[in-house]
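In terms of our numbering, the sequence shown opens at residue 16 and continues consecutively. The C-beta atom is built at its ideal place from N, Cα and C for all residues, glycine as well.
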Amino acid sequence: MNFDGKVIKYGDNVDTDVIIPARYLNTIDKKELASHCMEDLDPTFVKRVVPGDIMVAGYNFGCGSSREHAPLVIKESAVSVVIAKSFARIFYRNAINIGLPIVECPEAVDEISEGDVLSCDLSAGIITNTTTGKQYKTEPFPAFINSIIEAGGLIEAIKQGKIK
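What follows is the structure, encoded as structure tokens:
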């Protein structure tokens, strides 16, 4: 899995309530939900995100309520991958289950700036900051996790017969 995109960067402890505020959870329309992604933290996010952008964040990304809506709205916003120093465990599992690529790489997060352009080869576990030329190594997912993400999530992987 390869992704190239411009960085939108956030800090530590970005919780699910700011990723998608609870006041919008009265709909299941993904596009409607995505139109409110990050609005309490970054009101400009939905106006400036373009397909393929890469979200970068600090420690404990996705903490808070255990709602799968949080990774879902990030994915629906056309963010290609989220790179963080660490993820809240429930967010981590929900992201994989809905097919949102995520990567933990503290060293990269420390050195990546807002607006940098990254190239990510998740199968090889390599993140390249094409703006600075710096490369970072991360642990690639096992093949079965990659198959879930590539299928678009756990349910799609099961439908496609990739998981029995």
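Helix, strand or coil at residue i according to DSSP, with G and I counted as helix
i: VAL61; result: helix
i: ASN17; result: strand
i: LEU169; result: helix
i: SER162; result: helix
i: ILE127; result: coil
i: PHE106; result: helix
i: TYR74; result: coil
i: THR31; result: helix
i: GLU54; result: coil
i: ALA49; result: helix
i: VAL94; result: coil
i: LEU115; result: coil
i: LYS100; result: coil
i: LEU87; result: helix
Cβ-Cβ distance between residue i and residue j below 9 Å
i: THR145; j: SER128; result: no
i: TYR74; j: ALA110; result: no
i: ILE69; j: SER92; result: no
i: GLU54; j: PRO36; result: yes
i: GLY77; j: ILE34; result: yes
i: ARG56; j: VAL97; result: In the sequence as displayed, the identity of residue 56 is Leu instead of Arg. The answer is no: Cβ separation not under 9 Å.
i: LEU87; j: ILE164; result: no
i: GLU171; j: TYR151; result: no
For residue j and residue i, believed in contact at Cβ under 8 Å, the rounded distance
i: ASP131; j: VAL22; result: 5 Å
i: VAL181; j: LEU137; result: The displayed coordinates of the chain run from 16 to 179. Any statement about residue 181 would go beyond what the structure contains.
i: ASN112; j: LEU169; result: 4 Å
i: GLY79; j: THR42; result: In fact, because the Cβ distance is near 20 Å, the residues do not count as touching under 8 Å.
i: LYS24; j: VAL71; result: 5 Å
CB contact below 9 Å: residue i versus chain C
i: TYR151; result: Looking for chain C here will not work: only one protein chain is present.
Buried or exposed by the 16-neighbour rule on C-beta atoms within 10 Å, applied to residue i
i: GLY26; result: exposed
i: GLY176; result: exposed
i: ILE89; result: buried
i: ARG82; result: buried
i: ALA139; result: exposed
Three or more C-beta pairs below 8 Å linking the stretch 156-165 and the stretch 43-52: Contact fails: fewer than three Cβ-Cβ distances are below 8 Å.
contact_flag[the stretch 100-108, the stretch 159-167] where n(CB pairs < 8 Å) is 3 or more: No, they do not touch.
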